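Here's the structure, in structure tokens; my notes come after.
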Amino acid sequence: MIREPLIFELSAKGKRAFFFPTLDVPERKDCLAGISLRHEIQGFPEVSEIEIVRHFTRLSQTNFCVDTSFYPLGSCTMKYNPRVNERVAAREAWLSCHPSAPAELVQGNLEVLKTLEDLLSEITGMDAFTLQPSAGAQGELTGMLMIRACLQERGDPREVVLIPDSAHGTNPSSAHICGYRVVEIKSNEKGTIDLTSLDQAMNDRVAALMITNPNTLGIFESEIDRIAGIVHERGGLLYMDGANMNALVGKFRPGDMGVDVLHLNLHKTFSTPHGGGGPGSGPVGVKKELACYLPVPVIEKTSAGYTLNFDLPKSIGRVRSFYANFLVLIKALAYILSLGGEGLKEVAEVSVLNSNYIRKSLEGLYHLKYDAPTLHECVFSDKFQKERGVANIDIAKRLIDYGVHPPTMSFPLIVPGALMIEPTETESKRDLDTFIEAMKAIAKEAIEKPELVRTAPHTSYVKRLDETKAARYPVLRWEGEKEE
Amino acid sequence: MRYIALSEKDKKEMMAALGIHSLDDLFCCIPSPLRLHRELEIPSAMSEMELIRHFEALGRKNSADHFLSFLGGGAYPHVIPSLVDSLSSRGEFVTPYTPYQPEVSQGTLQVIFEFQTLVCQLTGMEIANASLYEGASATAEAVLMAYRLRGKPKVLMARTLHPQYREVVQTYVKNLFVETDEIGYTEEGRINVKDLASKIDRETSAVVCQTPNFFGVIEELEEIAAIAHEHQALFIVVVSEAASLGLLKPPGACGADIVAGEGQSFGLPLSFGGPYLGFMACRKDFLRQFPGRIAGQTQDAEGRRGFVLTLSTREQHIRRERATSNICTNQAWCALRATIFLETMGQAGMRELAYQNIQKANYALGRLAACQGVKRKFSGPIFNEFVCEFEAGWEKIDGHLRRKGILGGLNLETSYPELKGCGLLCVTEVHTREEIGRLVGAVEEVLQ
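Chains C and D, in that order, are what the protein sequence lines are.
Every letter in the first sequence is one number past the one before it in my numbering, and letter 171, counting from 1, is 171.
Every letter in the second sequence is one number past the one before it in my numbering, and letter 231, counting from 1, is 231.
Encoded structure:
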């Protein structure tokens, strides 16, 4: 296979890929007076157009992605990203629109935003939404800041946030930025929140409980109404991480069951592409009592059309510049409109069907630490294979040889050697079966040819990479220019 | 339903394998009283053709795209080479996630590594990360990082830092015992060094300064850096118009400790404010406190070069509440577009881009300032934005321009009450001499 060099290694003095029109205004040297200028951008590449096209095309071909492979990365909801959503988002009316254009000239944009807010409210049972947060983690931050503002107004912001030990790492990290100390709640033997532990931990120093439902094991917190009761009766608020909303759309509305604040990940449930790690979007929904704390601006529908309201005295303020990851929001709206209420319910049903089909097919071959029913994802571990010296990372890497993207590894932390599998609703039975057969074959290989698994992948663009070396001797940029 | 790949036969076989009779049985773990026992009130599904028509109609409700716009202020109209759309829209770049599995993500990882290198070269800093959300939250992350490094309660922000960036910093730090104070500006439109010297003390963690600043004026960074360093404070340089880096002396060569900014100018359309591209770069010795994803070079089992996400012990999924940031998903695809943009521009293109901006903006400023009743507000050198004070008042000018199909700029009074009658105008390489002439002509009409 051709090894694609770094662009800097393709560079040669004087090559160009872009030319500007001749400057059409009179050139004035005096406008550079009083400015410290640079002579060149040291090491900056100089390449031709065809070299750039081949460079990125070849690089792209080394990626696994949803368009090429089954991608059961648990907790990430790697579903198909519809092409039509890209098309409707690529319209000039959106692309060339400056964010500071007056509201009366961008009524289409504001209608997109307001419509999406209302649809998300209907789907989740929340009363109001902000679309500002750029991704789930910023949604958590926004939500927790609103909780803090609300409690502050009640007289005491409190000090502690309770978070289950199965939670995403972003939860404690976001709570920390809001000035809270994190106390971990241990999961019970069923993998869910232990009500006794919660009962003991929940006191008047606790601002909120952050839950994920279904949790990161794919298990529904079926006592959520009692959980909400305990939190509320002691003056706390209930935050829900909606990362796993794909399992619930049309089936369960968090806002109906005591959740005060929730964030969604539009790049998960609502199919906006993941882009290799963003841009995402993390809208936050709140119940009525918290709507006055939403970040500014808030979009309002008036008799004169849509307006942006910046005057919200109790608002937590801004969490980003301008309004939101607007193009991502258009894609999410297009997705909701092309599915309709019926279609959204089917998303939940088929994602849960696919996940359970995989779980049933692999039970016995791979260890399942928690045997409670699961929804959209299931978490196996490498416990059986470990006996032969084969770890979850080896299983994951071996899957690459079978043409499948590995599941999420080593998360949640409460399952040692975890393999977290989320197939989503968009996979064909044939692709599910191919994955199942691959997992079965690897379980067999782990017994018969463990070395083959331990040294995988064997067919990829690069062989297994030394991550320890990367961290111990960090090389974080090309330094070649120093050698010249 | 759209996007479901199971046939009815497949479903039946799978349900039989699970021993269930209806898909609803799969949800028995949700107690019935908790379930939604009605259909969602969402219109029924639209076909592809209906969807396209629907969004065409929504798009027609906008009229801003028909205007000749001189709006800037943190979002800039720039050329986007054809390569950017064409290459970045490949499914192999659009549809994977964060490259957790490096062996099947070398494309994404090598792009990040190249992006980090380009950001270092542009800013003159030693290390850069894989991206942050956008300029304002990147600035907030820089302030949080400085606070972790110095542990002192005070942060000084220039009043010429983008007003929205200042608001976002406030939102991020307000619960962390950090107090912020503002540094005023001079008649040149530059940071008031005397004011800075009087407010900085041993309790200051960081000084935050934007260049070109919100008024479009280019700051003299060395003097500010010297004052910050004299008090052991870190110097954070914010760049909201990254195209300026093609020509201006890099912040790293002017004493910056951390550079944070907005990369929208590098191949990202205005898009009503997002998605954009936050970036951050800093000195190597701050690595352990650096937020966000970082790609690093390593070797595979056969000794070949490869790239991985690295130093993840800084990050939330390992360190949880002690992480350097809560960020997880960032703006990888936007960083890809910036990488294609920058590599297409190359050494000569970046310089030409910046040069045309500075020439055209100065030309427009010269023509406007020559009009009766229009005054150049600040005397400091500008990049591609400038402030003019209009005797007739901004509303009158803006109203007339709008009737002429022109969005003239930002009303500065909104964020700076002391700048009544002032507008912030942006002129870049996309504006032709004829268009600048239209702007000047329309302004003259009001004044006559």
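Glycine is no exception: its CB is placed at the ideal position from the N, C-alpha and C atoms.
Note that this is a predicted model, so its numbers are computed, not measured.
Asked: Selected residue, minimal CA-CA separation from S198 (chain D), among D:E182, D:T211, D:Q210; Found: D:E182
Asked: Own chain residues within Cβ distance below 6 Å of C65 (chain C), not counting five before or after; Found: none
Asked: Distance CB(E377 (chain C))-CB(A167 (chain C)) smaller than 9 Å; Found: no
Asked: CB of N325 (chain C) within 9 Å of CB of T108 (chain D), strictly; Found: no
Asked: Distance, S75 (chain C) Cα to A243 (chain C) Cα; Found: 7 Å
Asked: 9 Å Cβ cutoff, P381 (chain D) in contact with chain C; Found: yes
Asked: Check whether G216 (chain D) and F383 (chain D) have beta carbons under 9 Å apart; Found: yes
Asked: Chain D contact for C559 (chain C) (CB, 9 Å cutoff); Found: A question about residue 559 (chain C) goes unanswered here, because the residues of chain C that appear run from 1 up to 484.
Asked: Y306 (chain C): first and last residue of the uninterrupted beta strand (DSSP E) it sits in; Found: 305-309
Asked: Contact with chain D by L290 (chain C), beta-carbon distance below 9 Å; Found: no
Asked: Contacts of S187 (chain C) in chain D (Cβ-Cβ under 8 Å); Found: Ordered by position in chain D, no residue passes the 8 Å Cβ test against S187 (chain C), which lies about 16 Å from the chain.
Asked: Residues of the stretch 218-250 of chain D whose Cβ lies closer than 9 Å to any Cβ of chain C, in chain order; Found: I218, E220, L221, E222, S240, L245, G246, L247, L248, K249, P250
Asked: 9 Å Cβ cutoff, V160 (chain C) in contact with chain D; Found: no
Asked: Proximity of I211 (chain C) and E184 (chain C) at Cβ, strictly below 9 Å; Found: no
Asked: Assigned exposure category for M49 (chain D) - 16 Cβ within 10 Å defines buried; Found: exposed
Asked: Within the stretch 184-220 of chain D, ranges of the beta strand (DSSP E) (whole runs, at least 3 residues); Found: 204-210
Asked: CA-to-CA distance, C29 (chain D) to G255 (chain C), given in whole angstroms; Found: 19 Å
Asked: Collapsed DSSP secondary structure at C422 (chain D) in the structure displayed; Found: strand
Asked: CB-CB length for M439 (chain C) against L375 (chain C), believed under 8 Å; Found: About 20 Å separates the two Cβ atoms, so there is no contact after all.
Asked: Pick from C:D24, C:L465, C:A137, C:S321 that is closest to Q106 (chain D), judged by C-alpha positions; Found: C:L465
Asked: At least 3 beta-carbon pairs within less than 8 Å: the stretch 133-151 of chain D vs the stretch 288-299 of chain D; Found: yes
Asked: Length of the line joining the Cα atoms of E477 (chain D) and E391 (chain D); Found: Any question about residue 477 (chain D) goes unanswered here, given that chain D covers just 1 to 448.
Asked: Closer than 8 Å at the beta carbon, the chain D residues around G280 (chain C); Found: T329
Asked: Given 8 Å, three or more beta-carbon pairs between the stretch 129-136 of chain C and the stretch 268-283 of chain C; Found: yes
Asked: Cβ-based burial, T468 (chain C) [other Cβ within 10 Å; buried from 16]; Found: exposed
Asked: Residue-chain proximity (L71 (chain D), chain C), Cβ-Cβ < 9 Å; Found: yes
Asked: For F390 (chain D): DSSP bridge partner residues; Found: D:V374
Asked: Residues near E387 (chain C) by beta carbon distance below 6 Å, same chain, minus five either side; Found: none
Asked: Minimum Cβ-Cβ distance from M280 (chain D) to chain C less than 9 Å; Found: no
Asked: C-alpha gap between A103 (chain C) and I299 (chain C), whole angstroms; Found: 10 Å
Asked: G441 (chain D) at chain C interface by Cβ criterion, 9 Å; Found: no
Asked: 3-residue-minimum beta strand (DSSP E) runs that sit fully inside the stretch 324-401 of chain C, ordered along the chain; Found: 378-381
Asked: P164 (chain C) (DSSP reduced to helix, strand or coil); Found: strand
Asked: Of the listed residues D:L336, D:G303, D:G184, nearest to G275 (chain C) (C-alpha basis); Found: D:L336
Asked: Proximity below 9 Å, CB of E103 (chain D) to CB of S69 (chain C); Found: no
Asked: Residue from C:R234, C:E349, C:S197 with nearest C-alpha to V206 (chain C); Found: C:R234
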